[in-house]
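Colleague: Just remember that my numbering sits 19 ahead of the position in the sequence shown, which is counted from 1.
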Amino acid sequence: MSTVLVSGAGIGGPALAYWLARHGLDVTIVERARGPRRGGQAVDLRGAAVTVAERMGILEQVLAKRTHMLGMAMVDRDGNEIMRTTERTVSGGRLDGDDVEIMRDDLVAIVTRAAGDTEVIYDDSITALEQDAGGVDVTFERGGRRRFDYVVGADGLHSNVRALAFGDESRFIRHLGMYVSIYSAPNFLGLDSWQVWHREGDAGYGVYSAPGNVTMRVNAGFGAEQPIAYDHRDVEAQKRLVEEHCSPLGWETPRLMKAMWEADDFYFDAMAQIHMDRWSTGRVALLGDAGYCASPLSGQGSSLAMVGAYVLAQELGADRQGAFDRYEERMRPFVRLNQELAMENPGGGASDESVRRAATAISLDR
Ligand SMILES: Cc1cc2nc3c(=O)[nH]c(=O)nc-3n(C[C@H](O)[C@H](O)[C@H](O)COP(=O)(O)OP(=O)(O)OC[C@H]3O[C@@H](n4cnc5c(N)ncnc54)[C@H](O)[C@@H]3O)c2cc1C
């Protein structure tokens with residue numbers, strides 16, 4: 020039985036583990052966090068990704084957790100409503116379509132459960148990869164060395180596997196000139212399945228109730244022409260950056276900044292994309308954000324990871340020889356169209372037609 024080590028238990032990693040196990044491969048996941056990571060905003064599953072969820076047998080669970088947003092409003096710095104719509108939300112596109120909007124951590128929990136008894140090593144990370152014709156020797160941060168037939172990096176925008184196997188992130192990352200933070204706060208605004216956004220200049224935030232309406236998710240972001248150097252593990256420093264850029268905003272800023280300092284699920288990252296000529300080298304391949312992040316501006320990050328996991332496992336299952344090349348060949352046009360969505364109308368969202376076209380631009384059958 021072929022063995023595969025997957026780095027990252029986000030969305031792509033466990034989805035890949037599910038499908039590889041179905042194709043008879045033996046999978047181990049290593050995840051840097053101490054357990055499944057909480058937090059993140061609502062994400063969408065669309066088009067081909069909904070079909071993948073259906074084929075995984077998790078669509079019902081996903082639908083049971085959908086956010087059921089009713090609409091959104093925009094307010095000025097004094098809290099006066101200046102726009103309202105029940106047709107769409109900022110984070111989730113149209114409300115009358117077939118897209119499924121779900122909180123990222125609910126989706127992570129569902130795909131992780133689906134991966135069943137896959138071995139998951141939490142609180143560890145890969146420090147070295149050495150491959151030869153027969154396999155890959157992997158060294159782990161917390162000690163230990165193991166050999167696998169294949170290694171897949173599903174470890175996000177700042178992929179560790181990518182850095183070890185392909186080189187420094189700076190060669191592949193394209194900044195889109197924005198930073199975004201997401202965290203939970205008590206629902207002190209009493210929002211009921213509703214989003215409110217406030218923006219001044221190139222900074223702003225949106226708040227919306229999480230399912231159950233007990234808490235809200237806050238999405239606070241700001242523009243930056245040049246990439247900002249910061250430590251990806253230093254959460255305090257990241258909170259200081261958000262405070263520095265967002266505290267001059269009006270409306271509910273003081274209460275939202277206070278909630279940010281109390282939040283234990285704070286997430287912060289650059290809006291950025293990853294562009295690479297190859298997603299594999301020898302026995303090592305990349306999946307999802309690690310290889311082809313489209314950025315939250317595309318609204319397609321989770322869908323790309325779900326579909327990528329399906330196609331990669333399908334190809335490895337069919338014939339190990341040339342599997343990574345075929346995965347890449349099938350995924351390239353799909354990835355390109357979805358990455359382009361982020362550029363179509365930055366900040367305003369791509370047209371419904373472009374989104375629909377991009378979300379379905381791949382065949383799931385070989
Ligand atoms: C906490 C969090 C919140 C997010 N919030 C949003 C959001 O609100 N909106 C949005 O559009 N996108 C968000 N994203 C990104 C979004 O999840 C991805 O675009 C999409 O789901 C693609 O999935 P992925 O599996 O490729 O990557 P991700 O979902 O990013 O998962 C990558 C996983 O790899 C793990 N990892 C990182 N480094 C290592 C390492 N060295 N060793 C082992 N594991 C490692 C991470 O902890 C994470 O669990 C978020 C990501 C994270 C981690």
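Ideal Cβ positions, reconstructed from N, Cα and C, are used throughout, including at glycine.
Determine which residues share a DSSP beta bridge with R85 and list them.
Modeller: I121
Colleague: Measure the alpha-carbon distance for A173 versus L35 and round it to whole angstroms.
Modeller: 9 Å
Colleague: So what's N232 in DSSP terms, helix, strand or just coil?
Modeller: Coil.
Colleague: What's the gap between the Cα of I77 and the Cα of G66?
Modeller: 15 Å
Colleague: Report back the beta-carbon spacing between W270 and H217 to the nearest angstrom; my notes put them in contact at under 8 Å.
Modeller: 5 Å
Colleague: Taking just the CA atoms, how far does D118 sit from T105?
Modeller: Pairing T105 with D118, the inter-Cα distance amounts to about 15 Å.
Colleague: Report all residues from its chain with a CB closer than 7 Å to the CB of V46; omit the five preceding and five following residues, and keep chain order.
Modeller: Within its own chain, the residues whose Cβ lies closer than 7 Å to the Cβ of V46, once the five positions on either side in sequence are excluded, are V23, V25, A36, L39, A40 and T137, listed in chain order.
Colleague: Quick one: is the Cβ of E138 within less than 8 Å of any heavy atom of ligand 1?
Modeller: no
Colleague: Compute the Euclidean distance between the alpha carbons of A278 and A147, then round it to the nearest angstrom.
Modeller: A straight-line Cα-Cα distance of about 39 Å links A278 and A147.
Colleague: Identify which residue in T86, I48 and R355 has its Cα closest to the Cα of D211.
Modeller: Out of T86, I48 and R355, T86 has the C-alpha closest to the C-alpha of D211.
Colleague: Just curious, the alpha helix (DSSP H) that S373 is in, first and last residue?
Modeller: D371 to A378
Colleague: List the residues that DSSP assigns as beta-bridge partners of F6.
Modeller: Within the shown structure, residues of the chain are numbered from 20 to 385, placing residue 6 beyond reach of any answer.
Colleague: Assign N238 to one of two classes, buried (16 or more other C-beta atoms within 10 Å of its C-beta) or exposed (fewer than that).
Modeller: buried
Colleague: I'd like to know whether the C-beta atoms of Y311 and R74 end up nearer to each other than 9 Å.
Modeller: no
Colleague: Using DSSP's beta-bridge definition, name the partner residues of Q150.
Modeller: Secondary-structure assignment with DSSP links Q150 through a beta bridge to V155.
Colleague: Mapping DSSP to helix, strand and coil, what is S299?
Modeller: Residue state, collapsed to three classes: strand.
Colleague: Are the beta-carbon atoms of M91 and T108 separated by less than 9 Å?
Modeller: Yes; because the gap between Cβ atoms is below 9 Å, this pair is in contact.
Colleague: To the nearest angstrom, how far is it from the Cα of F185 to the Cα of T158?
Modeller: Each residue's Cα considered, the two are about 17 Å apart.
Colleague: Roughly how many angstroms lie between the CA atoms of A229 and L126, to the nearest whole one?
Modeller: 14 Å
Colleague: Could you check whether G240 and A222 sit closer than 9 Å to each other, using their CB atoms as the reference points?
Modeller: Judged by their CB atoms, A222 and G240 are nearer to each other than the 9 Å cut-off.
Colleague: Three-state secondary structure (DSSP) at S189?
Modeller: helix
Colleague: Taking 8 Å as the cut-off, does the CB of R164 come closer than this to any heavy atom belonging to ligand 1?
Modeller: The answer is no for R164.
Colleague: Any heavy atom of ligand 1 closer than 8 Å to the CB of Y286?
Modeller: yes
Colleague: Restricting to Cα atoms, I'd like to know which of V261, E160, P273 and I30 is closest to F207.
Modeller: P273
Colleague: With DSSP as the reference, label V326 as helix, strand or coil.
Modeller: helix
Colleague: Out of S317, V94, P315 and A324, state which residue places its alpha-carbon closest to the alpha-carbon of A309.
Modeller: A324
Colleague: Looking at ligand 1, does it come within less than 8 Å of N179, judged from the CB to the closest heavy atom?
Modeller: The beta carbon of N179 sits closer than 8 Å to at least one heavy atom of ligand 1.
Colleague: Is it right to say R103 is buried, meaning 16 or more other beta carbons lie within 10 angstroms of its own, or is it exposed?
Modeller: That one is exposed.
Colleague: Using three-state DSSP, classify D174 as helix, strand or coil.
Modeller: coil
Colleague: So is the beta-carbon of T281 under 8 Å away from any non-hydrogen atom of ligand 1?
Modeller: Note that residue 281 is Glu in the sequence shown, not Thr. The answer is no for E281.
Colleague: For the stretch 165 to 180 against the stretch 298 to 305, are there 3 or more C-beta pairs whose distance is under 8 Å?
Modeller: Contact between the stretch 165 to 180 and the stretch 298 to 305 is present, because at least three Cβ pairs lie under 8 Å.
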